[in-house]
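A quick write-up on the structure given underneath.
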Amino acid sequence: MAALPAHLSPERWMAQIFASREALSGGVVKRRIRDVERLVGRAAFTREVERRGFQAVENGRHFVVFCNPLPIRRLR
């Protein structure tokens, strides 16, 4: 894992994601897998998503987090 700047811990990075307007309104946030793995690690990110009661999917180069507890229904 690459070193983060002194002002940005992995916990703070995740807190900023989930404090975004989109996340707070129950929307969707998307982050590159490469960045998640480099900055906080896949396991820590997954634990935080689960702790908050959210769901996430992995598609291509991104994690897509649904910031609400509603079911996900795949259309196609």
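The opening position of the sequence shown corresponds to residue 0 in numbering that gives the first Met the number 0, with each subsequent residue numbered one higher.
Cβ coordinates follow ideal geometry from the N, Cα and C atoms, glycine included.
- With distances taken between CA atoms, P68 lies nearest to V48 out of H61, V48 and L7.
- Rounded to whole angstroms, the gap between the alpha carbons of A43 and V63 is 15 Å.
- Taking C-alpha positions only, S24 is separated from F17 by approximately 10 Å.
- Scanning F53, A22 and R20 for the CA closest to the CA of I71 turns up F53.
- R30 counts as buried, since at least 16 other C-beta atoms from the protein chains shown sit within 10 angstroms of its C-beta.
- The beta-bridge partner set that DSSP reports for H61 consists of R31 and N58.
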